[in-house]
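Quick note on numbering: our numbering labels position 73 of the sequence shown as 73, and the sequence is numbered without any gaps.
Here's the structure, in structure tokens; my notes come after.
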Amino acid sequence: MGFLYLGGLLVSLVGMVVLDRRFGLFFWRDARRAAVVLVAGLVLFLVWDLIGIATGVFFRGETSVLTGIQLAPELPLEEPVFLALLIYTAMDVFGALNAPRKGAVR
1 MGFLYLGGLL
11 VSLVGMVVLD
21 RRFGLFFWRD
31 ARRAAVVLVA
41 GLVLFLVWDL
51 IGIATGVFFR
61 GETSVLTGIQ
71 LAPELPLEEP
81 VFLALLIYTA
91 MDVFGALNAP
101 RKGAVR
């Protein structure tokens, strides 16, 4: 049961990739730009997390659904996967809201 959360995150991330592919929302519209946005967002949020951990604001709670693998003190393996899902979701929503509409007058 220790991989339940990570598995759910990965399934959700695959779902976002499928939606992106099907509708050409972000990566399938401009892969290079999307990769830069994803990596920059991931770095920003991981730095944010590390600052929060260092100041005692963020900490890892005990639960049986996490793998127990720590990338750093108080930083579980699931955190960067969650952040990637969060960023990818925001990218897909942005892409959907800015997609050209069929039949729209320009």
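Glycine included, each C-beta is placed from N, C-alpha and C at the ideal position.
Where residue i and residue j are concerned, what is the direct C-alpha to C-alpha distance, given to the nearest angstrom?
i	j	result
Ala96	Leu25	6 Å
Gly68	Glu74	10 Å
Ala54	Gly7	28 Å
Arg32	Leu38	10 Å
Val17	Gly56	34 Å
Phe27	Ser64	34 Å
Candidates the options: which alpha carbon is nearest residue i's?
i	options	result
Leu66	Asp30, Pro76, Ala31, Ala40	Pro76
Leu10	Arg29, Ile51, Phe82	Phe82
Tyr5	Gly41, Met91, Leu85, Val93	Leu85
Ala99	Leu50, Ile51, Arg22, Gly61	Arg22
Give the DSSP bridge partners of residue i, in chain order.
i	result
Ala72	Leu75
Going by DSSP in three states, residue i sits in which element: helix, strand or coil?
i	result
Val47	helix
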